[in-house]
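Undergrad: Attaching a single structure in C-alpha cells format; questions to follow.
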Amino acid sequence: MSAAAPRFHRLAVSDLRREASDAVSMTFAIPGELAGDYAFTPGQYLTLRATLDGEEVRRSYSICSGPDDGEIRIAVKKVDGGAFSSWAAEDLKCGDELDVMTPTGRFGLVPPADRARVHVGFAAGSGITPILSIVKGVLAREPDSRFFLFYGNRTTDNIMFLEALEELKDRFIDRLSIFHVISGEEQDIPILHGRLDGEKVRVLLRALVPAASVDHVFICGPLGMSEEIETTCRDLGIADERIHVERFVSEFGGKPRPKKAVAPDAPPKAIASLIIDGKRRDVPVAEDEAILDAALRAGVDLPFACKGGMCSTCRAKLVEGEAPMDINYSLEPWELEAGFVLTCQAKPSTERVVVDYDHV
C-alpha cells in the first residue's frame, strides 16, 4: 500500500486542559482541507516541532482522544529537565502555533464491530495516553467487547485523565474494568500497592482475566516495565501477535544516539536513493552513518522524531541493498520480514540502497 509520507502543518492550539498535577492536554484547530490528513487510528501519535532557545526540538506525543470525540487531543507530562515538556506544560497558550506532523504509529488496532473480544491494557504514568484512545475506540466500535485496564502511578495526584476514566467506567460499567496500582500510597487491596511489574501482572491476570481468554494486550510505559510485562504475558501463554507494546523511553533516556562528525571531504561508503512523495533523491552516506543522518546532512526533509529507534516516525521500506539497524524497539517481526527499516538506525552495508518512504 502506498500513501503520502507524514508531513508537518502549522496548527494553532485550540484548547488546553490540566489533566494531572504535572500534565496538560491540548487540542489543535484542524482546517477543513486537512481533516482527512489528521484522521487517526486509536494508538497513533503526533510529532510536534518547535524552536526553543534557537534550537529545533521535536517530540512525539500519543493521541488520547477517541475516534468519535470530534477532536485530536494529546497530553504532555512535565519531565524534570525536559525543555519541551516544561515549555508545553507551563508556557504554551491557546492560539499559539506549532508544527504538527500528521498522525503516525501502528500501536492500535482497527476494531471489528461484529466480534466480542477481551482486551487488556497495562499503562504507567503518561503511558495511559495511547491506551485511553484505544479504550475509547473499543468501547465505541466493539459493542460486545470488554476492556480490563491496569494503570500504575506513584500517587493518586499523578493519575492522568482520572475524571475521564471514571466517566468511561460509569458509562460502560459492564464492559470496562479499571484497576489503579499505586506505588507511593497504601491501598485497601494489597495487590494494588506497589509497582506495576511482571510479578504483579502475573497475579492480576490469574485472578481477574485468565490469559486463555485474552484476545489482545496493550502495554505502554517505561522501557523496563514494558519489557517485563511483555515477557510475563508470553510466559502465561499469550501469543506474540496478541501483544502490542509502545515504548516511551529508550536506554539512551529518550535521546538520539550520538552521531560521529562527518568530514566534508569524507568519501561516501554508499549512495542512498530516497523515494518520498513520489520523488527520488540520491545522497552520499559516509562510513558508519545512518541513512537519516546522511539525508539531513544533504538537506533532504524527511520525517523523523526521536532518532533513537523508538517511535518509527522514520520508518521506510528498503527495496534494494542492505542496511542493518543498530537498534530496533518499534518494528515488529512482520515488518522486518517485509523489508522495513528505521532509517535513523539503518546503516548501508552495500554500495547502493534504495529506501521508499511512500510504501507504508
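In UniProt numbering, the protein residues as written are 1 to 360.
Glycine included, every Cβ here is placed at the ideal spot set by N, Cα and C.
If we call anything under 7 Å between Cβ atoms a contact, is F218 one with I128?
TA: Their beta carbons are not under 7 Å apart, which means F218 does not touch I128 by this criterion.
Undergrad: Residues in the same chain with beta-carbon distance under 7 Å from E166, minus the five sequence neighbours each way, listed in chain order, please.
TA: Correct list: empty, nothing qualifies.
Undergrad: Which of the three DSSP states, helix, strand or coil, is assigned to F218?
TA: DSSP places F218 in strand when its eight states are reduced to three.
Undergrad: Beta-carbon within less than 6 Å of F122's beta-carbon, same chain only, minus the 5 sequence neighbours each way: which residues are those?
TA: Taken in chain order, the residues that qualify are F150, I219 and I229.
Undergrad: Under a three-way DSSP split, which group does R234 fall into?
TA: Reduced to three states, the DSSP call for R234 is helix.
Undergrad: R59: buried (16+ other C-beta within 10 angstroms of its C-beta) or exposed?
TA: So R59 counts as buried.
Undergrad: Going by the DSSP bridge assignment, what does F122 pair with across the sheet?
TA: Answer is F150 and I219, bridged to F122.
Undergrad: Check the C-beta distance from S183 over to R154 and give it rounded, since I have them as a contact under 8 Å.
TA: S183 to R154, Cβ: 5 Å. Contact.
Undergrad: How is residue 393 classed by DSSP in three states: helix, strand or coil?
TA: Residue coverage of the chain in this structure runs from 1 to 360, which leaves residue 393 outside it and unanswerable.
Undergrad: Can at least three beta-carbon pairs, one atom from the region 166-175 and one from the region 86-98, be found at a separation below 8 Å?
TA: The region 166-175 is not in contact with the region 86-98.
Undergrad: Could you give the DSSP three-state label for L196: helix, strand or coil?
TA: L196: coil per DSSP, three-state reduction.
Undergrad: According to DSSP, is V341 part of a helix, a strand, or is it coil?
TA: Note: V341 maps to strand in three-state DSSP.
Undergrad: For F84, does the three-state DSSP call read helix, strand or coil?
TA: In the structure shown, F84 sits in a helix (DSSP, three-state: H, G or I).
Undergrad: Is DSSP giving R141 helix, strand or coil here?
TA: The answer is helix: DSSP assigns R141 an H, G or I state.
Undergrad: With burial defined as no fewer than 16 other Cβ atoms inside 10 Å of the residue's Cβ, what is the status of K347: buried or exposed?
TA: The residue is buried, with at least 16 neighbouring Cβ atoms inside 10 Å.
Undergrad: With DSSP as the reference, label K269 as helix, strand or coil.
TA: Note: K269 maps to coil in three-state DSSP.
Undergrad: Thinking C-alpha only, which one of V245, T343 and C314 is nearest E332?
TA: Nearest C-alpha to E332: V245.
Undergrad: What did DSSP end up calling S60 once you bin it into helix, strand or coil?
TA: Strand, per DSSP.
Undergrad: Specify, as a first and last residue, the run of the beta strand (DSSP E) that A294 falls within.
TA: Unbroken run through A294 is the alpha helix (DSSP H), I291 to R297; no beta strand (DSSP E).
Undergrad: Using the C-alpha atoms, what's the distance from T350 back to K269?
TA: Cα-Cα distance, rounded: 8 Å.
Undergrad: Is it buried or exposed, E33, if we count other Cβ atoms within 10 angstroms and call 16 or more buried?
TA: Counting Cβ neighbours within 10 Å, E33 comes out exposed, since fewer than 16 surround it.
Undergrad: So, do the region 64-84 and the region 324-331 have three or more beta carbon pairs nearer to each other than 8 Å?
TA: Touching, no.
Undergrad: Considering only residues of the same chain and omitting the five flanking positions on each side of G237, which have a CB-CB separation below 6 Å?
TA: These residues qualify, in order along the chain: A211.
Undergrad: What would DSSP say about D48, mapped onto helix, strand or coil?
TA: Reading off the sequence shown, one finds Leu at residue 48, where the question assumed Asp. L48: strand per DSSP, three-state reduction.
Undergrad: Starting from the Cα of R18, find the closest Cα among R280, V138 and A89 and give me that residue.
TA: Of the candidates R280, V138 and A89, the one whose C-alpha sits nearest the C-alpha of R18 is A89.
Undergrad: By the DSSP assignment, the beta strand (DSSP E) with residue 401 in it spans what residues?
TA: There is no way to answer for residue 401, as the model of the chain reaches only from 1 to 360.
Undergrad: Flag this pair as touching only if the region 44-53 and the region 114-121 have three or more C-beta atom pairs under 8 Å; answer yes or no.
TA: As far as the Cβ criterion goes, the region 44-53 does not touch the region 114-121, which means the pair count is below three.
Undergrad: Are there 16 or more other CB atoms within 10 angstroms of the CB of D53, so buried, or fewer, so exposed?
TA: So D53 ends up on the exposed side.
Undergrad: Can you look up M225 in the DSSP assignment and give me helix, strand or coil?
TA: Three-state result, M225: helix.
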